[in-house]
Each structure stands twice: as structure tokens, then as C-alpha cells.
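Our numbering numbers the first residue of the sequence shown as 37 and each following residue consecutively.
Glycine included, every Cβ here is placed at the ideal spot set by N, Cα and C.
For clarity, every value in this text was computed on a predicted model and none was experimentally measured.
Okay, so here's the structure we're looking at.
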Amino acid sequence: NDFYPGYPLIKRGIYYCCRMISSQYGREFTGPHYEKIKKVYSIWICMKPPQYRENTITRYRLVEEHLVGEGKEPVRNYDLLSIIMLCLGGPGGANYDGVLRMLDVLLSNETSEAEKRKILQDDYDIQMTQTMEREVSVMCNLSKGVREKGIAEGLAKGHAERALSDLRNLMETLGLTIEQAMAALKVPEGERQKYMDLLERQ
């Protein structure tokens, strides 16, 4: 949900791909039979990207670059990982069609399940079989879960910010140490290190 959670998502995608490739040893191949490695994909659906990334689909992959001469290798020997980032936007932006619009509709918190089924059937010719209706319900529950998680994280963040503000006020006004301020506010022992780290960063 967060496009910049403290690190570039693309690096996390690369890490996952590397893990998926290395995990093939002992399952897809053994010994020196690296020719049996299968291509892996890491696909990201970003619901709240920065404005410049809205309604875009970007692929990252390994490519061959000839520095001197043209010693070509078959693509299948190096094209082994692909990270695809689908950054959703809204109907007001460019490129709002195809799979980007379909995903935006499916993951929308503002569109009812019945409306989603109708859009999929009328605009994308997707027949609403029992299986497909179950899949739409799963996607609706996913979008609801993402929204609720965001609300919970927002509340937790607000609580932490208030606690930090109170701690700073006590330390500055009464000249208390951070330990004394946390004791005065009855900060639980298990959370004290977190607040100490947060105060040091500010």
C-alpha cells in the first residue's frame, strides 16, 4: 500500500526474485544443472503510488549489453527474473484503461461488489460464473482488508506521535531524562526502546 516504506520497492522485488531462483536448488535442479533454472516473476500492484507513477506499468529485467564486440547469448540463458510494477491511479489520469482500470475497480473501496461484477461483465466481457463471483468477493475482501489495515496503522502512528510529543514536553519543561519521562507517562516496558529510537532520530 505504501510506495516508499523506507526502502525502494523495486529492491524488495529483486530480493524476492533472487530468493525464488535460489530456492529452486534441490527442487527444480541439483548439482551443476543450472540450465534447469526456471524464470521467476515478482508482480506488484501499488495502490497509492506517487503522482508521477500513477497509471503506469513498468517491467525490470536482465538484458544483454555488448561492451566490446557482439558475443550474443540466447535470451533464455539470462532472462530469468522479471519484476513488474502496476501503479494504479484514477479515472482522471492518462492511461486509465485496460488492466489498470480493471484492477482499480476491483480494489476500490468505493465501488460495491455488485457494481464491480457489472463492470467486469459489461466492459470486459467476463462472465460471472460462480467461480468468478467467488474471485470478485475475494478481491473485495482484500480491498477492505487493505483499507482497515491502513486505518489501524494510521491510528497507531497518531498514538506514537502524541506519545513522542508528550515525552518531549516533559523532558524540556521539567528537565527529565527520557527514562524518567517514560516512567511518568507509564510507557510499557516493551515499547520504551521504540520511543528512545524515535527520539534519537528526530
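{"Item": "Going by DSSP in three states, Tyr43 sits in which element: helix, strand or coil?", "Value": "coil"}
{"Item": "Per DSSP, Tyr114 forms a beta bridge with which residues?", "Value": "DSSP output for Tyr114 lists no bridge partner at all."}
{"Item": "Are there three or more Cβ pairs, one per stretch, closer than 8 Å when the segment 101–118 is compared with the segment 156–165?", "Value": "no"}
{"Item": "Would you mind giving the Cβ-Cβ distance between Ile46 and Tyr96, rounded to the nearest angstrom? I have them listed as a contact below 8 Å.", "Value": "6 Å"}
{"Item": "Would you check if the distance between the CB atom of Leu136 and the CB atom of Met83 is smaller than 7 Å?", "Value": "no"}
{"Item": "Going by beta carbon distance, what residues of the same chain come within less than 6 Å of Ala217, once the five residues before and after it are set aside?", "Value": "Leu203, Leu206, Met207"}
{"Item": "How many angstroms separate the CA atom of His69 from the CA atom of Glu215?", "Value": "58 Å"}
{"Item": "Spatial neighbours of Glu106 within its chain, please: CB distance less than 6 Å, with the 5 preceding and 5 following residues excluded, ordered by chain position.", "Value": "none"}
{"Item": "Going by alpha carbons, who is nearest to Val289 out of Lys108, Leu122, Ile93?", "Value": "Any property of residue 289 remains undetermined from this structure, which presents the chain solely from 37 to 238."}
{"Item": "Alpha carbon to alpha carbon, how far is Glu101 from Glu227?", "Value": "50 Å"}
{"Item": "State the start and end residues of the unbroken beta strand (DSSP E) segment that holds Val76.", "Value": "76–82"}
{"Item": "List the residues that DSSP assigns as beta-bridge partners of Thr94.", "Value": "Met121"}
{"Item": "Rounded to whole angstroms, what's the CA-CA distance from Leu234 to Met164? Just pull it up for me.", "Value": "50 Å"}
{"Item": "Relative to the C-alpha of Pro224, which candidate in Arg237, Leu139, Ala196 has its C-alpha closest?", "Value": "Ala196"}
{"Item": "Starting from the Cα of Gly213, find the closest Cα among Ala199, Met232, Arg198 and give me that residue.", "Value": "Correcting the residue type first, residue 213 is Thr in the shown sequence and not Gly. Ranking the options by Cα distance to Thr213, first place goes to Met232."}
{"Item": "With a 10 Å radius around its C-beta and 16 neighbouring C-beta atoms as the bar for buried, classify Glu90 as buried or exposed.", "Value": "buried"}
{"Item": "For Gly129, which residues in the same chain have their Cβ closer than 8 Å to its Cβ, ignoring the five residues on either side in sequence?", "Value": "Glu90, Asn91"}
{"Item": "Compare the C-alpha of Leu139 against each of Phe65, Ser201, Val172, Ala199 and name the closest.", "Value": "Val172"}
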